[in-house]
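Inspection log for the structure reproduced underneath, given as structure tokens.
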């Protein structure tokens, strides 16, 4: 439970009571649970907005995405932005320096606009099952990060993401994935979306790893953001087809 509290403190800005009774060891194992917790908050918020904005407006979806970013403190979005800036440089050493730079370049700004815009537009195309879609999106986005942590090398001798690899075994990652797959029985109407989300989680991490040549704390954030974005877009498209 100390690691769960550590995960909530690290991955969110939720105002938990100040305490030293937490651990950051193996917190990535709890990241999908944190995603489910955040999805519950977003689902409640979306439900309240539906009472005010009963139609599926862009404003409603935009507010949900805004709260989404706020609850995470922009942690993953910042990583996606830094990764985009780094990909503009071919030399690996220079790339890592650019990714560590706190200043945002043009690629970072474009990435932020693209991710936030695509998430909002995708949500606008999802009139029903919004909570279930959010739940799977946030959970699998964080499992994608977890998979990357145990399967790909970490490029820096030290870094803000280095401690994530400590205390995590591959079998634990697979077990978490199986537990997420079991959610199909909770949302049977969306059973066709769950395999898609799990596939996206694997593909996004693989592509980013191949492009960057390894992982950093920033690429972990990029994996979360792009998995979430692609999963939302996929869900919006799949829900258009009769089942």
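Numbering (the working numbering), first residue to last: 44 to 286.
Glycine included, every Cβ here is placed at the ideal spot set by N, Cα and C.
Anticipated Cβ contact below 8 angstroms, residue i with residue j, distance rounded
i           : j           : result
residue 272 : residue 162 : 6 angstroms
Nearest-angstrom Cα separation, counted from residue j out to residue i
i           : j           : result
residue 174 : residue 81  : 11 angstroms
residue 76  : residue 158 : 23 angstroms
residue 169 : residue 46  : 34 angstroms
residue 105 : residue 131 : 29 angstroms
residue 201 : residue 100 : 45 angstroms
residue 255 : residue 226 : 32 angstroms
residue 179 : residue 190 : 16 angstroms
residue 119 : residue 97  : 30 angstroms
residue 177 : residue 74  : 15 angstroms
residue 139 : residue 149 : 17 angstroms
Nearest to residue i (by Cα), restricted to the options the options
i           : options            : result
residue 143 : 152, 130, 265, 125 : 125
residue 93  : 264, 120, 172      : 172
residue 280 : 257, 216, 240, 105 : 240
residue 70  : 256, 266, 101, 208 : 208
residue 72  : 57, 85, 51         : 51
residue 283 : 216, 215, 167, 67  : 167
residue 79  : 222, 253, 248, 242 : 222
residue 64  : 48, 54, 112        : 48
residue 185 : 68, 115, 107, 276  : 115
residue 199 : 86, 136, 83, 266   : 136
residue 276 : 113, 243, 261, 103 : 243
Endpoints, the alpha helix (DSSP H) within which residue i is located
i           : result
residue 188 : 173-194
residue 75  : 74-95
residue 135 : 135-143
residue 213 : 213-224
residue 70  : No alpha helix (DSSP H) holds residue 70; DSSP gives it neither H nor E.
residue 163 : 149-167
residue 106 : 101-114
residue 45  : 45-54
residue 119 : 118-130
Residues that residue i bridges to, as DSSP identifies them
i           : result
residue 197 : 258
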